[in-house]
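Here's the structure, in structure tokens; my notes come after.
Numbering (my numbering), first residue to last: 1 to 271.
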């Protein structure tokens, strides 16, 4: 068997596109962590413009691989981030930008990805907007998924459990985009105030993601206790908090432009 590469495959793409790769490396590290783009094979049947678009998308796909999200959702996310990056980068040719834009517009989860990365839409489902507003995609969804992935993947978790978590996360994605889920960030208010917000949020939306970080995790635990107490003191009200399905995700997450901080997410879905 010949060791030569097939004619239809171009391997030395790093030489042709080295300036683009260097620029990509810095931008991807800033957006998604410290991972760097891999070396990719580019098929010669593609035009030069399509090859460049292919490399940009692959740079993002190297950092966005999770068995806990639907494959079509991940593909849409990759295409969106590649399109978003290219649209704000003057060094990338307009023809390449057009190809990346078309790829994203034709993706299955286009509308959901746009909502989750929109600050305006985030404001419609966040019950208590923090001083520094950030999209739900980078501030809630991806951190939760990545942290749960750390707990499952290294331990050869059963396929059934992986699929259960994938269904759960995609349900949260769908609910957020359909305004059937809200987000509550725990901060400096009294736990009794947050308890009221949680119970009212569950009644209004049906599901809720409660997020506590760093020193506010203690306040979050106190808030959950206050929710139980609030329902005990109001027996005439339907016990919506204590009857909800609840999952907890605990870990460390390094948010963009921030230090790594302990995080606790409590996800509630009304049974």
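By construction, the Cβ of each residue, glycine as well, lies at the ideal position given by its N, Cα and C atoms.
Segment contact flag, the segment 205-212 with the segment 180-193, C-beta cutoff 8 Å, min 3 pairs: yes
Simplified DSSP assignment, three categories, for residue 306: Since the displayed the chain opens at 1 and closes at 271, residue 306 lies outside it and no answer follows.
Cβ-Cβ separation, residue 56 to residue 80 (assumed contact under 8 Å), whole Å: Contact flag wrong, Cβ pair sits at about 12 Å.
DSSP state of residue 251 mapped onto helix, strand, coil: strand
Cβ-Cβ distance between residue 268 and residue 246 below 7 Å: yes
Neighbourhood of residue 252 by C-beta distance below 8 Å, restricted to the same chain and skipping five residues each side: 147, 260, 261, 262, 263
Residue 143 classed as buried or exposed, judged by whether at least 16 other C-beta atoms fall within 10 angstroms: When all chains shown are included, residue 143 counts as buried.
Short Cβ contact (7 Å threshold) for residue 72 with residue 170: no
Given residue 187 as reference, the closest of 270, 221, 234 once Cα atoms are compared: 221
Residues near residue 113 by beta carbon distance below 6 Å, same chain, minus five either side: 76, 77, 80
Cβ-Cβ distance between residue 64 and residue 165 below 7 Å: no
Completely contained alpha helix (DSSP H) runs for the segment 71-112, where each covers 4 or more residues: 71-87, 94-105
CA-to-CA distance, residue 54 to residue 110, given in whole angstroms: 18 Å
Boundaries of the beta strand (DSSP E) in which residue 263 is found, first to last residue: DSSP places residue 263 inside the beta strand (DSSP E), whose first and last residues are 260-269.
Beta-ladder partner(s) of residue 188, from DSSP: Answer is none; residue 188 lacks a bridge partner.
Distance, residue 159 Cα to residue 38 Cα: Note that residue 38 scores 49 on pLDDT, short of 50, meaning its location in the model is unreliable and no value can be drawn from it.
Residue 116 beta carbon less than 7 Å from that of residue 132: no
Cα-Cα separation, residue 93 to residue 122: The alpha-carbon atoms of residue 93 and residue 122 are separated by roughly 31 Å.
Backbone CA spacing between residue 40 and residue 197 [nearest angstrom]: Since pLDDT at residue 40 reaches only 49, below the 50 mark, its modelled position is unreliable, and no value is offered.
Residue 153 burial status per 10 Å Cβ neighbour count (16 or more: buried): The C-beta of residue 153 has fewer than 16 other C-beta atoms within 10 Å across all chains shown, which makes the residue exposed.
Neighbourhood of residue 270 by C-beta, 7 Å cutoff - its chain only, sequence neighbours within 5 removed: 202, 206, 207, 240, 244
Completely contained beta strand (DSSP E) runs for the segment 178-228, where each covers 3 or more residues: 182-185, 207-213
Residue 163 to residue 218 span [Cα, whole Å]: 31 Å
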